[in-house]
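One structure is given below, encoded as structure tokens.
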Amino acid sequence: MKVKALFKGLLGCALASTMLMGFAGCGGSESNNSDSKTLNLLAWSGIEDEAIQKLEELSGYKINYTSFSSLEEMQTKVMSNSTQYDVAMCSDYIITALVEQGELEEIDTSKISNYSKIGKGYLSPSYDPDNKWSVPYSGGGIGILINRDKTDAKITSYADLWQSDLKDSIAFVDDERMALSICNLVNGNDFNATDEKQIEAAGEKLKELIPNIHAFTSTGHKLILNGEASVIVCATGNEYKAAKEMDNFEFVVPSEGEHMYMDSYVIPKGANMDAAYKFINAVISTEYMTRNGDDTNWGYGYVNTDVEKMAKEAGISDKLLSIAYPDDSAYKNAHYMENIGSASLVYDQVWSEVKLAAGSLMSSAE
Numbered sequence: 003m004k005v006k007a008l009f010k011g012l013l014g015c016a017l018a019s020t021m022l023m024g025f026a027g028c029g030g031s032e033s034n035n036s037d038s039k040t041l042n043l044l045a046w047s048g049i050e051d052e053a054i055q056k057l058e059e060l061s062g063y064k065i066n067y068t069s070f071s072s073l074e075e076m077q078t079k080v081m082s083n084s085t086q087y088d089v090a091m092c093s094d095y096i097i098t099a100l101v102e103q104g105e106l107e108e109i110d111t112s113k114i115s116n117y118s119k120i121g122k123g124y125l126s127p128s129y130d131p132d133n134k135w136s137v138p139y140s141g142g143g144i145g146i147l148i149n150r151d152k153t154d155a156k157i158t159s160y161a162d163l164w165q166s167d168l169k170d171s172i173a174f175v176d177d178e179r180m181a182l183s184i185c186n187l188v189n190g191n192d193f194n195a196t197d198e199k200q201i202e203a204a205g206e207k208l209k210e211l212i213p214n215i216h217a218f219t220s221t222g223h224k225l226i227l228n229g230e231a232s233v234i235v236c237a238t239g240n241e242y243k244a245a246k247e248m249d250n251f252e253f254v255v256p257s258e259g260e261h262m263y264m265d266s267y268v269i270p271k272g273a274n275m276d277a278a279y280k281f282i283n284a285v286i287s288t289e290y291m292t293r294n295g296d297d298t299n300w301g302y303g304y305v306n307t308d309v310e311k312m313a314k315e316a317g318i319s320d321k322l323l324s325i326a327y328p329d330d331s332a333y334k335n336a337h338y339m340e341n342i343g344s345a346s347l348v349y350d351q352v353w354s355e356v357k358l359a360a361g362s363l364m365s366s367a368e
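Heads up, the sequence shown is in the numbering used here, so the first residue is 3 and it goes up one at a time.
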């Protein structure tokens, strides 16, 4: 937040008893006067200026954008109370944690007209079954993309990645919770296992996969396109980016149930509710999501069903779209990350051991 804007917010609080300033930094929702046209946004880093400008146009609010680079950083900023955020992007287990800590406002979805455009598969996730605390924006998962010009290995599950035919051919997700939770599933345990022995077993299972792993990576599309990898196991947005350049690909939703994630918007306690509702309505609108026209990233997994329809009208094949927009059965069988408390320390230790065993492979390949 800019110093000037912060000064105004503090000044507004100091004079609230005599003047209806309503700046976003004032604290409680009653002090946030709806006449104030400034909104404080907390979101993942990387939102471009043109996107912010479009959101300002659609919402009618001037946006002060603060970025974060991890969900834990996001949680810390919301809880610090150093800035009153009106709306924040969040995901999965951090939403649960913020609810438990009383840091979020309950959402009245009737005040968000575009809410009706959200696909049913995106609603009622395990971390917000009653849709009280979050509004989904875009989703994705950790699927399996195969270059069928490079391998004829039969792959229908995460477990199939361990077959010897795939030696040195897999680009695997470089994230400790994602990687080890996939191994939890392969071992027949809960995706969010908290038992120390089960977590350690997941680490041993991942070590067994190392001969098949060409690289650990947060992306992977370049590796499969340049022929270094024949299989990538990473975020579906990245898999879509690769598949659209390939003639002979297969995308697999693993039989164990795909690890899914959802970027959503929440309203921190004490926010300007009018601003928050108008922003959320804008950010899930068809107009915002397709603002780039022919350059729209159709593989981003937007929750607005109009976007999927428009992608089909733009000539994107059903096979390609199924990566970003799986059928509802994929969401019914999905696994979302949950708050695992102190067990996260065990995951940290096990992941460090896997990194040591993997050596240079653990360097992220871009």
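Glycine included, C-beta positions come from ideal geometry on N, C-alpha and C.
Alpha-carbon spacing of residue i relative to residue j, whole angstroms
i	j	result
L187	K246	29 Å
L168	A155	7 Å
P270	A90	7 Å
N283	F253	32 Å
M180	E105	26 Å
M76	G303	22 Å
S128	N189	22 Å
W353	K113	44 Å
K224	A244	7 Å
L41	G121	27 Å
I109	M81	19 Å
L60	D51	14 Å
E102	D132	15 Å
G229	V255	22 Å
S266	G48	16 Å
T288	D296	14 Å
K134	M264	15 Å
K199	A359	19 Å
Y117	L125	10 Å
W46	E107	20 Å
S257	K334	12 Å
S166	A53	46 Å
K357	T111	44 Å
M248	D320	15 Å
L227	V285	32 Å
N83	T153	53 Å
I201	L347	11 Å
Limits of the beta strand (DSSP E) - the one that residue i falls within
i	result
F253	251-254
I325	No beta strand (DSSP E) contains I325, which is instead part of the alpha helix (DSSP H) from 320-326.
V175	172-175
N42	40-46
8 Å Cβ cutoff met for residue i and residue j
i	j	result
M339	Y95	yes
S172	L182	Sequence inspection shows Ile at residue 172; the Ser mentioned does not correspond to that position. No, Cβ-Cβ distance for I172 and L182 is not below 8 Å.
E241	G145	yes
H337	M262	yes
I318	N194	no
K314	L323	yes
D170	F218	no
N274	D88	yes
G123	E355	no
A326	G301	yes
S2	N149	What the structure shows of the chain is the stretch from 3 to 368, and residue 2 is not part of that stretch, so it cannot be assessed.
L100	Y67	no
K280	Y139	no
G143	E310	no
I97	D151	no
L57	Y349	no
K119	T307	yes
L147	I65	no
S136	V268	yes
T196	A345	yes
Q86	G272	yes
Beta-bridge partners of residue i, as assigned by DSSP
i	result
C92	S266
A237	I144
T219	V175
N294	DSSP output for N294 lists no bridge partner at all.
P138	S266
N149	F251
Test: residue i CB closer than 8 Å to a CB of chain B
i	result
M248	Any reference to chain B falls outside this structure, which holds one protein chain only.
Limits of the unbroken alpha helix (DSSP H) element including residue i
i	result
T158	Looking at the DSSP string, T158 is not in any alpha helix (DSSP H), and its letter there is neither H nor E.
F281	275-285
Y302	It is not in any alpha helix (DSSP H) - Y302 carries neither H nor E in the DSSP assignment.
L211	198-211
S346	345-360
Y290	288-291
D330	330-334
Entirely within the region 52-124 and at least 4 residues each: give me those alpha helix (DSSP H) ranges in chain order.
Listed in chain order, the alpha helix (DSSP H) runs fully inside the region 52-124 are 73-82, 94-102, counting runs of at least 4 residues.
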